[in-house]
Amino acid sequence: MTRVLVVEDDSQLVRALAINLQARWYGVHAAPDRATALRLAAARQPDVVLLDLGLPDMDGTDVIRALRDWTRVPILVLSARQASDEKVAALDAGADGYITKPFSMDELLARLRAAVRRTEAAPLAPETTLVKTEGFAIDLLAKKVHRDGRDVRLTPTEWHLLQILATNPGRLITQKDLLQEVWGVSQSNKTNYLRVYMAQLRRKLETDPAHPCYLITEPGMGYRFEG
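With UniProt numbering, letter number 27 in the sequence shown gets 27, and the count goes up by one each step, no holes.
Written out as structure tokens, the structure is:
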């Protein structure tokens, strides 16, 4: 049984989520605030966290950071906040997806299934856990990038993009596929997100970001990684 921790202070929404999830054989625990959420996350070890940003005792983005200090559990944000900077802040803090309220139960369930599939994916084969280029090395198991003998600090969103591209060397990954994988179905037309984050990755990894050797743009189509 997949265990879901719902962090939400709206009791009616919690009840609706619990009914729908339990009817589909999910185990559900609920927390109305930060303190309860962190305690249940440690005690129950959920498979997925559904998190509202507007909690009474702490902003949800801070809860994401607190969880990311010790767990990689998928975190899906459920929020009425629609501003792009709010979404970017949550994703940069470590959220795996952002669902804007009101949302359909079908979309939520699809996102839950996708999150669970990613965590249940088979481990990488030993020969694919280290991707080396002349400029930097990507340790896919440790989730680290090394350049010039030092660790390169990446945000969770930057890492997610790099991981997708680096595990598919030479293959064109479409804009739509990248957006859906990193930001979710509802953001599949937000190509500006990709431009911003790819530019950030190039500044951190490419010797000449204006003329990249590794993170290649295919205009109007998508991106590919050349190792």
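C-beta: ideal position from N, C-alpha, C; glycine also.
- Rounded to whole angstroms, the separation of the alpha carbons of residue 81 and residue 154 is 25 Å.
- Within the region 126-183, the runs of alpha helix (DSSP H) at least 4 residues long that lie entirely inside it are, in chain order, 156-166, 175-183.
- Fewer than three Cβ pairs drawn from the region 131-139 and the region 104-123 lie within less than 8 Å of each other, which leaves the two stretches out of contact.
- Residue pairing by DSSP places residue 30 opposite 6 in a beta bridge.
- Look at residue 72 here: in three-state DSSP terms it is coil, with no helix or strand label.
- Restricting attention to 43, 207, 172, 83, the CA atom closest to the CA of residue 148 is found in 207.
- Secondary structure of residue 104 (DSSP, three-state): coil.
- Straight across, the Cα-Cα distance linking residue 46 with residue 2 is about 8 Å.
- For residue 205, the enclosing alpha helix (DSSP H) starts and ends at 191-205.
- Spanning the alpha carbons of residue 161 and residue 109 requires a straight line of approximately 23 Å.
- Under the three-state reduction of DSSP, residue 97 is assigned to strand.
- Secondary structure at residue 226: coil, using DSSP grouped into helix, strand and coil.
- Between the C-alpha atoms of residue 202 and residue 195 there is a straight-line separation of about 11 Å.
- Between residue 41 and residue 5, the gap from beta carbon to beta carbon is short of 9 Å.
- Contact between residue 53 and residue 59 is confirmed by a C-beta separation of about 6 Å, below the 8 Å threshold.
- Apart from sequence neighbours up to five positions away, the residues of its chain that approach residue 35 with a beta-carbon distance below 7 Å are 57, ordered along the chain.
- Short of 6 Å from the beta carbon of residue 213, and not among the five residues preceding or following it, lies no beta carbon of its own chain.
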